[in-house]
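These protein sequence lines map, in sequence, to chains A and Z.
In case it helps, the numbering used here puts the first sequence at residues 1 to 322.
In case it helps, the numbering used here puts the second sequence at residues 323 to 673.
C-beta atoms are modelled at their ideal positions from N, C-alpha and C, and glycine is treated no differently.
In this text, all values refer to a predicted model and were calculated from it rather than measured experimentally.
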Amino acid sequence: MTVAPVLRPEFDAELRAGLAVVGGMFPPTITDDLIDFMRVSYASPPMDDVLRDRGIAREEHVAPGHLGDPIEVSVLRPPGQNGPRPAVVYAHSGGLMFGDRFSGIDLVLDWVDRMGAILVTVEYRLAPEFPDPYPREDMYAALEWTAAHADALDIRTDRLVVAGASAGGGLAAGMALAARDRGGPPLVGQVLDYPMLDDRGITTSMHQFDGVGVWDRVSNQTGWRALLGDACGSESVSPYAAPSRAENLHGLPPAFIDVGAAEVFRDEAIAYADALWKAGGDAELHVWSGAFHACDIFAPHTAVGQSMIKTRNTWLETILAD
Amino acid sequence: MQELLGRIARLDPSASLGLRVIACFDELVVGNVNTRALLSAAASLAGCVAGFHQDQPVRSLRVNPRGEVLRDTTAPVPPTATTAAGLSVWLERVGDALPNDAIILERLALAVRIRHGRSRTGFDHRRDLGRLVDMDTPVDERMAAAGALGLGATRLYRLVTAPLFVVWERHPRGPEDVVPTVHGPIHAVIVPAQPGDETLKASPAGIGVATQPQDLHHSFRTALVALRLCDPPRVPTVHADEYGGLIGLLADAPAASAQPDADRLAELEAHGWGAATIEAVIHSQSVRQAARLAGVHHSTMQTRIDTITTLLGFDPFDGFGKPRLGTAYLVWRLRRSRVLELPSPTKETRT
């Protein structure tokens, strides 16, 4: 009974170098006892200087979340906005347990100052204190609120997109499903960056990266269990929480999906794109060689990081820009 | 990455950001990335533009912290540039230099020279400590490295090894560096071998056997095995001395060597009592003593030992049984070692 080595694609050299720094604030394996640490380490830095330098205006709103509870929503506007603009409702990363509405936002700010979109970024409530359905229903409520207040917010309802990264990518896919099923706001696109789609953790890639990179199988289990508790992996999990479970993917907005070849979410992202195509949908899928999870957030200076950002922005630009 | 370095410093004020910069460039050199990638990393780490100029043929490159190549390459080489062998690199810092600027620029300059084939040592980018602990380095070069590190030729030292994200409660003084290994970059420190030395408290850390400088490569390998035997928080630190010559044999055994006893031992994983029982047996002279150590009834221990005996094919209390079991147990622990994969910050020191 010899221990077979785990076969896995290697990290890109520039990204491997980045991990020497990233690992200090985002350990590969996150267990329950690290949630408090991650809430400190992954908290976004103060944004005001960044926004001012880029000429982006910030408005704070309180919107009704799940069950009507108040949640915070930031509306970020492009410089010199005059008249209604396209908008993106954004769900941040952080494994459903940590992060805030400005986590990893730097990349998304390009959509505001370079494409002229309005970004609506949402402080959805976090597990385990607020388990399912709080996070997804907070997001959906924010989407409804955005559409309902489009006039006051100066937003074009004919160019509304949902987007998110990692846990937020799963929430964005869930919003698109819910909007379709509930007759919600019409969407023109969904951007799913390395999305967290499946609580079952059954793919090959989920088991290839234990203890390395960013966000491994154990971290993923920690996140899903925080959200779903004992229901995790059972038949009762809603497709709005774990979109991989959706049986019908017909009639969804065009999807942009990107994922690293060297990360746990590779196979579920590929499977989701494939399922969209099989349902007659429109999906653009990019699998980035040597990329660890969310490497464009942690190491945007690398060739891989830049390719990811540029490719995503190009896709969104075709949908959003005037 | 400058912002990430800032976060690390806030989370753990004792963290050495310089070592992370070194480890980052080590990986870039090992990965043989191009000048653009090296400048991108430097700019990202520093949070300002990094520049490069070569005299012949004339070529300039400037990259911003986002990794974007700037079009304007007409700026003259600033007086603060590090220049060697016709290659210059610099950081375009506005205002006073920041604490990490010097180490970033030093590592960038070295990496660029290696990429361009101009480094004095060719593709051997390793530094004194790395050369000293490499058995394949000729002994005169190792002794020269020891001299450069200020080590006395006949004094005894130990290597201490730790992952990059070790938590130091007490950091020993001595030459230190990041050394690339098959297990990834390892933080290595050379400390004088003094009995009862209490200057070190870290988790996880492996402490090698004491040797003179010319044999420190051996101390390094035993320290690596010791490190991999750590299992924090239960076992935060392991001294190679605890295992005498056994750890040296393990250090020098090829990774893929056949270890049938350890293979069979792995089947004990199915039993919840496996590791604790083996520990108790190894530290006991009799079944009765093992039962007491493990806190179980004598007959329970006897049943477990019968299971072990059947599985392994030998009685651990008979003849070479004990050293065989001990060796198999250490190999099994090394195979299962996660200590280098789990550089998790500890709750008590960081939240």
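At least one beta carbon of chain A lies nearer than 8 Å to the beta carbon of residue 330(Z). Assignment of beta-bridge partners to residue 542(Z) by DSSP yields no partner.
Between residue 192(A) and residue 169(A) a beta carbon distance of about 4 Å is seen, short of the 8 Å cut, so the two are scored as contacting. Contact between the region 473-482 of chain Z and the region 526-546 of chain Z is present: three or more C-beta pairs spanning the two stretches fall below 8 Å. In this structure, DSSP gives residue 96(A) a state outside helix and strand, which the three-state scheme calls coil. Under the Cβ distance rule, residue 359(Z) counts among the residues neighbouring chain A, one pair being separated by less than 8 Å. By the C-beta criterion, the region 385-401 of chain Z is judged to be in contact with the region 352-372 of chain Z, since at least 3 inter-stretch pairs fall below 8 Å. By a beta-carbon distance limit of 8 Å, residue 535(Z) contacts residue 468(Z). Their separation comes to about 4 Å. Sixteen is the threshold: since fewer than 16 other Cβ atoms of the shown chains lie within 10 Å of the Cβ of residue 621(Z), the residue is exposed. Judged by their CB atoms, residue 142(A) and residue 96(A) are not nearer to each other than the 8 Å cut-off.
The Cβ atoms of residue 318(A) and residue 286(A) lie no closer than 8 Å to each other. Beyond the five residues adjoining it in sequence on each side, residue 25(A) comes within less than 7 Å, by CB distance, of 41 in the same chain, given in chain order. When the beta-carbon positions are compared, residue 74(A) and residue 52(A) stay at least 8 Å from each other.
About 15 Å separates the CB atoms of residue 149(A) and residue 121(A); that is not less than 8 Å, and the two are not in contact. Rounded to the nearest whole angstrom, the CA to CA distance from residue 602(Z) to residue 637(Z) is 15 Å. For residue 301(A), the number of other beta carbons within 10 angstroms of its own is at least 16, and it is reported as buried. When DSSP assignments are scanned along the region 216-248 of chain A, the uninterrupted stretches of alpha helix (DSSP H) that are 4 or more residues long and fall wholly within it turn out to be 217-228.
Of 320(A), 305(A), 99(A), 205(A), the smallest CA-CA separation from residue 262(A) is found for 205(A). Residues of chain Z whose Cβ lies closer than 9 Å to the Cβ of residue 114(A) do not exist, since the nearest Cβ in that chain is about 13 Å away.
Interface annotation, residue 14(A): in contact with chain Z, CB-CB separation under 8 Å.
For the region 362-389 of chain Z, residues whose beta-carbon sits nearer than 9 Å to a beta-carbon of chain A comprise 362, 363, 365, 366, 367, 385, 386, 387, 388, 389. Residue 185(A) is positioned such that its CB atom lies closer than 8 Å to that of residue 147(A). Across the structure, residue 349(Z) and residue 260(A) are spaced so that their CA atoms are roughly 20 Å apart. Separation of the CB atoms of residue 197(A) and residue 243(A) is rounded to 5 Å, and the pair is thereby assigned contact status at 8 Å. Rounded to whole angstroms, residue 211(A) and residue 252(A) show a C-alpha spacing of 35 Å. The region 289-300 of chain A makes contact with the region 5-14 of chain A, as at least three CB pairs between them are under 8 Å.
Taking the Cα positions, residue 430(Z) is about 32 Å away from residue 94(A). Nearest to residue 102(A) by C-alpha distance, out of 214(A), 72(A), 117(A), is 72(A).
DSSP places residue 499(Z) in the uninterrupted beta strand (DSSP E) bounded by 498-503. Take the alpha-carbon of residue 407(Z) and the one of residue 374(Z): they are about 13 Å apart.
In the structure shown, residue 198(A) falls within a coil segment according to DSSP collapsed to helix, strand and coil. Per the coordinates, the alpha-carbon of residue 453(Z) lies some 19 Å from the alpha-carbon of residue 485(Z).
Under the three-pair Cβ rule at 8 Å, the region 555-570 of chain Z does not count as touching the region 579-590 of chain Z. At a cut-off of 8 Å between beta carbons, residue 301(A) contacts chain Z. By the 16-neighbour rule on beta-carbons within 10 angstroms, residue 457(Z) is exposed. Residue 463(Z) sits exposed, since fewer than 16 C-beta atoms from the chains shown fall within 10 Å of its C-beta.
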